[in-house]
Amino acid sequence: MFSYYLQLGWRSLRHNPLLTALMVMAIAFGVAASMITYSVFRAVSGNPIPDKSTVLFTPQIDSWGPQQNLQGEPPEALNYVDAMALMQAHAAKRQTMLYQVQMSVMPGGERDLPLAANGYAIGSDFFPMFEVPFEYGSGWSGQDDDARAGVVVISATLNQKLFGGADSVGRTVSLNGNDYRVVGVTGHWNPKPRFFDLFSTQGFEDASDFYMPFTRALDLKMRTGGRNSCRGKLAFTTWESYLQSNCVWITPWVELDSAADVARYRRFLQNYAADQQHAGRFAWASNVRLRDVMQWLDYEHVVPAESRISLMVALGFFVICLVNTIGLLLAKFLRRAGEISVRRALGATRREIYTQYLIEAGTVGLAGGVLGLVFTALGVSGVGVLFPPQIAKLAQLDVSLVGLTLLVAILATVLAAFYPAWRAAHVQPAWQLKSN
Amino acid sequence: MSLQIKPILVALRRHKAGTVLIALQIALTLAIVCNALFIIHQRLSNLSQASGVDEANVFVIRNQWAVDKTTPQVDAQVKADLLALRQLPSVRDAAPASGYPLQGGGWDNYVTMTPDQAEPTTDAAVYTGDEHLLDTLGSRLVAGRNFRADEVVPQGAQETIIPPVVIVSKALADRLFPDGSALGKSFYAMGATPSTIIGIVDVLHRQGTDQGSNIYAGQVLIWPLRAADARGLFYIVRAKPGQLAAAMREAPKALYAQNRKRIIAPRDGIQDYAQVRHSAFDSDRGMAILMGVICVVLLAITAAGIVGLTSFWVGQRRKQIGVRRALGATRGDILSYFLTENLLIGVGGVAVGSLLALSINLWMVSEFAMARISMLYVATGVIVLLLLGQGAVLAPAMRAARVSPVEATRSV
């Protein structure tokens, strides 16, 4: 029966090519617009570290006070003094401080021009906390942190440039003229959004080239290559006075496995801030936050407004296309009232009429979906018009998007056909047959 | 015309579903088209923001140092670099800078009138440069004077220096001293000592182009500081008229001839202002294009939908039309019947649509900090959609008008 209805559907579609084309185009445009904008939205709003996003937290401490903080919210990073205090307290199972550093590498010794290398100064816990994959070697140890060791983990890309992709563990890299021993080479790793550094990035930058010990970077008085935000009167002129200033530039992360751990750490933060108040360093009550990965992404508005607005507009567009389809299907089905009456008079049940017309609508949806797929493919390759390149390249037409496009097109069309098909099934045979 | 409204309403009651569908489609289309037009207008006005820079001739070099150096060492190199750049035959002038208009991101300092003021008066984008900066940017002084060479001091990485003199944009001058007396007055910008306004420039855009920094749009201060940051700096270069390409070719060669221990990224280390502007307003342009496309397709689909449904109605009512014609109705009567019917549905649709448009806008105001929509857009949308409806209904209505009175007698 299904294939017979399908056949009937095809015949009816061919019978009225203009109306059919109109419906198919409307569905195709609607579903394509939605899928294109959804592919971008999906890419930017995803969970960058699904299996650990609920156990990774970034602590915030209000070191600026109610008059200078972000409308009641603490600054988005830590100053040096608070960062050191959290680091030494070591109140979490794993923790890391981090900030961006920019350096240069000489790929071919003195002959070549230097290359820029962007990386992070981090603690050794960074690698297990964020599940960084390794091609060769591993991260460094806690002892290396304490010893302020001159070690470095480089990315697969930098390893390719410097060592032709060979196992470079134990070899030496010269960064800004200082030698570092390579202890590991990461696999291709660039979580998007880059949840762990939303203070200095928008979340969609190119992968980092290297990672070095935070303690070592401080020893070398390495200025942050990322953002720096200060309040009040600025008076620092030396590295030491800069460290004592209220400027925030260090992002902390901790790993807390259970709700009890989270509660304990939250208490620790509150107590720390309260202690600072008692000591006279803060002239305000304790104001701290402990956000996990998804809360942090949300708070930092990682999803660009463009992505959300365009998705909303596209969905609205799709709804209009569906309303349009309901109207056209209604016209198409009721125009065949005579035919329906004959079938009903010959013994077809309402249910059969209903099924037949829903299947016919399904074929329209399928055709719209296929055409929509073509539009989606064109659109996805053209999202560079709307989004900056680092976001545009995230939008991809993969198997799931193809499936979703077809599924949405068919489901939506069948849904739109419910009312017209119901009307068709309720055509009064006697009425129609009489007047003919 | 007016005498026909009552029978039309009666007839529409018999076609509730079709009527509601057309009205709904018109309403939704109006709501989206109004807001899309509004977004287009906003984004296009961003695109035309003035940078205050002589964009045809200026380019920017992002220069990173490859080895660690002390501030005096960096400063000596910067001075030598600038001398080399200014001596190029194709170059008019060059200046060191910590940032430039439309760069993206930014450096801004809060501004207060007294050193102990708790609540800042306002916020301002901060640029640094030497006595060549204004000429290099092509910025015009509207009052006061430029920096003197002896006022410019080097600034190392994260070293706070509050110079005693400052040049401000007219917007900042007017914001701080609305009576126009800014020249010679002083203010505080996150320092313990004041800076005195010695010059006022016409227009200068802040570094960022984002919504967040829009609150201090146009408010700019320039300090006489020569960037001597061990990490790097920007060289802003103004070519002689028509020699931009030559200058962009020669400048990096001149710098590498000075010292090879530097990084000028091959991909985006040198950008002319066309590129700077392009990447600054990329998403604005994209948004305007997307909204434009959506508007056009949406209007086309709505029009096609009206044609489709009206054609169906005409087909359904051929007999009634025939009867009316036989009873003496003219072709004009039939035509105006369908036009009026569509107008009635359209008016209902746009009434709902206007409310919907306003509520979508209110939602976007709260969600995306967007501006309130002007009623002009809603009014334009209403007129466009009513005209579109009348246009779409014209062809089926004319077909209806051609129905011959004979049809009344057929197949009864």
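As given, the protein sequences belong to chains P and B, one line each in that order. Under the numbering used here, think of the first position of the first sequence as 14, with each following residue one higher. Under the numbering used here, think of the first position of the second sequence as 106, with each following residue one higher. Glycine included, every Cβ here is placed at the ideal spot set by N, Cα and C. The structure displayed is predicted, hence computed values, not measured ones.
query = At a Cβ cut of 8 Å, what residues of the stretch 371-402 of chain B count as close to chain P, listed as they run along the chain?
reply = S384, D387, S388, R390, G391, M392, I394, L395, M396, I399, V402
Contacts of K205 of chain P in chain B (Cβ-Cβ under 9 Å) = Here the question's residue 205 of chain P lines up with position 192 in the first sequence. Those within 9 Å of K205 of chain P in chain B number zero; the least Cβ separation is about 18 Å.
task = Can you tell me which of P:Q73, P:N241, P:L386, P:D158 puts its alpha carbon nearest to the alpha carbon of D213 of chain B?
result = Against the second sequence, residue 213 of chain B aligns to sequence position 108. The option with the nearest alpha carbon to D213 of chain B is P:N241.
task = Can you say whether K275 of chain B is buried or exposed, counting buried as having 16 or more other CB atoms within 10 angstroms of its CB?
result = The residue you call residue 275 of chain B lines up with position 170 of the second sequence. Buried: at least 16 other Cβ atoms inside 10 Å.
request  = Using a Cβ cut-off of 7 Å (strictly closer), state whether T264 of chain P contacts chain D.
outcome  = In the structure shown, chain D does not exist; the protein chains are P and B.
key: Nearest neighbour of L99 of chain P, chosen from P:I263, P:F140, P:S151, P:V316 [CA to CA]   = As a working note, residue 99 of chain P is residue 86 in the first sequence. Closest option to L99 of chain P, Cα to Cα, is P:I263.
request  = Could you please give the first and the last residue of the uninterrupted alpha helix (DSSP H) stretch that includes S354 of chain P?
outcome  = Here residue 354 of chain P refers to the residue found at position 341 when the first sequence is read from its first residue. Counting along the chain, the alpha helix (DSSP H) containing S354 of chain P begins and ends at 350-358.
query = Going by beta carbon distance, what residues of the same chain come within less than 6 Å of R430 of chain B, once the five residues before and after it are set aside?
reply = The sequence position of residue 430 of chain B within the second sequence is 325, counting from 1. Counting only Cβ-Cβ distances below 6 Å, and skipping sequence neighbours, we find P510.
task = Determine, using beta-carbon pairs with one atom in the stretch 232-241 of chain B and one in the stretch 373-381 of chain B, whether at least three such pairs fall under 8 Å.
result = no
query = In its own chain, which residues sit with a C-beta less than 6 Å from the C-beta of D180 of chain P, not counting the 5 before and 5 after it?
reply = Taking the first sequence and counting its residues from 1, one reaches residue 180 of chain P at position 167. Closer than 6 Å at the Cβ level, and outside the excluded window around D180 of chain P, lie Y149.
query = Based on the DSSP output, what are the partners of D198 of chain B in its beta bridges?
reply = In the second sequence, the residue the question calls residue 198 of chain B occupies position 93. BP columns for D198 of chain B point to B:R343.
request  = With DSSP collapsed to three states, give me the class of R240 of chain P.
outcome  = In the first sequence, counting from the first residue as 1, residue 240 of chain P sits at position 227. Coil, per DSSP.
message = Which residues in chain B have a C-beta closer than 8 Å to the C-beta of K174 of chain P? List them in chain order.
response = By one-based count along the first sequence, residue 174 of chain P stands at place 161. Within 8 Å Cβ-Cβ: nothing; K174 of chain P doesn't reach chain B, min ~13 Å.
key: Where G329 of chain P meets chain B, residues with beta-carbon distance less than 7 Å   = The residue given as residue 329 of chain P occupies position 316 in the first sequence. L133, I137, listed in chain order.
request  = Would you list the residues sitting across from E86 of chain P in a DSSP beta bridge?
outcome  = Numbered from 1 along the first sequence, position 73 holds the residue referred to as residue 86 of chain P. BP columns for E86 of chain P point to P:L83.
inquiry  = Going by beta-carbon coordinates alone, are L384 of chain P and G413 of chain B separated by less than 7 Å?
reply    = By 1-based counting over the first sequence, the position of residue 384 of chain P is 371. By 1-based counting over the second sequence, the position of residue 413 of chain B is 308. It is not a contact, given that the beta carbons lie outside the stated cut-off.
inquiry  = Beta carbons nearer than 7 Å to chain P: which residues of the stretch 110-123 of chain B have them?
reply    = A122, G123
query = Does any CB atom of chain P fall closer than 7 Å to the CB of F417 of chain B?
reply = Within the second sequence, the letter at position 312 stands for residue 417 of chain B. At least one chain P Cβ lies under 7 Å of F417 of chain B.
request  = Give me the Cα-Cα distance between S203 of chain B and Y232 of chain B, rounded to the nearest whole angstrom.
outcome  = Indexing the second sequence from 1 puts residue 203 of chain B at position 98. Indexing the second sequence from 1 puts residue 232 of chain B at position 127. Each residue's alpha carbon lies about 6 Å from the other.
request  = Can you pull the chain B residues whose beta carbon is under 8 Å from the beta carbon of S323 of chain P, in chain order?
outcome  = Numbered from 1 along the first sequence, position 310 holds the residue referred to as residue 323 of chain P. Chain B residues near S323 of chain P: M392, L395.
ask   = Taking 7 Å as the CB-CB limit, is N300 of chain P close to chain B?
value = Looking up residue 300 of chain P in the first sequence gives position 287. It does not: the Cβ of N300 of chain P has no partner Cβ on chain B nearer than 7 Å.
ask   = Beta carbon of S156 of chain B, beta carbon of L207 of chain B: below 7 Å?
value = Taking the first residue of the second sequence as 1, we reach residue 156 of chain B at position 51. Taking the first residue of the second sequence as 1, we reach residue 207 of chain B at position 102. Cβ atoms of S156 of chain B and L207 of chain B: closer than 7 Å.
inquiry  = Taking 8 Å as the limit between beta carbons, can you name the residues of its chain near M106 of chain B, skipping five residues before and five after?
reply    = Locating residue 106 of chain B in the second sequence gives position 1, counting from the first residue. Annotation note: pLDDT 46 at M106 of chain B (below 50); position unreliable, no value reported.
message = For D274 of chain P and H383 of chain B, what's the separation of their Cα atoms in angstroms?
response = Your numbering for residue 274 of chain P matches position 261 in the first sequence. Your numbering for residue 383 of chain B matches position 278 in the second sequence. Looking at the two C-alpha atoms, the distance is approximately 49 Å.
query = Which residue spans inside the stretch 260-315 of chain P form an unbroken alpha helix (DSSP H) run of at least 4?
reply = 272-291, 306-312
inquiry  = Quick check: what's the CA-CA separation for M235 of chain P versus T228 of chain P?
reply    = Mapped onto the first sequence, residue 235 of chain P falls at position 222. Mapped onto the first sequence, residue 228 of chain P falls at position 215. Between M235 of chain P and T228 of chain P, the C-alpha separation is close to 10 Å.
task = Determine whether the Cβ of T265 of chain B lies closer than 7 Å to any Cβ atom of chain P.
result = Residue mapping note: residue 265 of chain B aligns to position 160 of the second sequence, counting from 1. Yes, contact with chain P.
task = Would you tell me roughly how many angstroms separate the C-alpha atoms of A128 of chain B and A344 of chain P, rounded to the nearest one?
result = Residue 128 of chain B sits at position 23 when you count from the first residue of the second sequence. Residue 344 of chain P sits at position 331 when you count from the first residue of the first sequence. Taking the straight line from one Cα to the other gives about 16 Å.
ask   = Does V261 of chain P get closer than 7 Å to chain B when you measure Cβ to Cβ?
value = Residue mapping note: residue 261 of chain P aligns to position 248 of the first sequence, counting from 1. No, no contact with chain B.
query = Can you name the residues of chain B whose CB is closer than 9 Å to the CB of I353 of chain P?
reply = Numbered from its first residue, the first sequence carries residue 353 of chain P at position 340. Those within 9 Å of I353 of chain P in chain B number zero; the least Cβ separation is about 14 Å.
inquiry  = For A296 of chain P, would you say it is in contact with chain B, using Cβ-to-Cβ distances shorter than 7 Å as the test?
reply    = By one-based count along the first sequence, residue 296 of chain P stands at place 283. Closer than 7 Å: no.
key: T435 of chain B, buried or exposed, once every other Cβ within 10 Å from all chains shown has been counted against 16   = As a position in the second sequence, residue 435 of chain B is number 330, starting the count at 1. Exposed, by the Cβ-count rule.
Cβ shell of Y367 of chain P (< 8 Å), same chain only, five flanking positions each side left out = Reading the first sequence from its first residue, position 354 is the one you call residue 367 of chain P. So the qualifying residues of the chain are A434, W435, A437, A438.
ask   = Do the stretch 414-434 of chain P and the stretch 374-391 of chain P touch if we need at least three Cβ pairs shorter than 8 Å?
value = yes
ask   = Nearest chain B C-beta to F42 of chain P closer than 7 Å, yes or no?
value = Counting from one through the first sequence, the residue named residue 42 of chain P turns up at place 29. Yes, contact with chain B.
ask   = Would you say F143 of chain B faces chain P, with C-beta separation under 7 Å as the test?
value = Locating residue 143 of chain B in the second sequence gives position 38, where the first residue counts as 1. It does not: the Cβ of F143 of chain B has no partner Cβ on chain P nearer than 7 Å.
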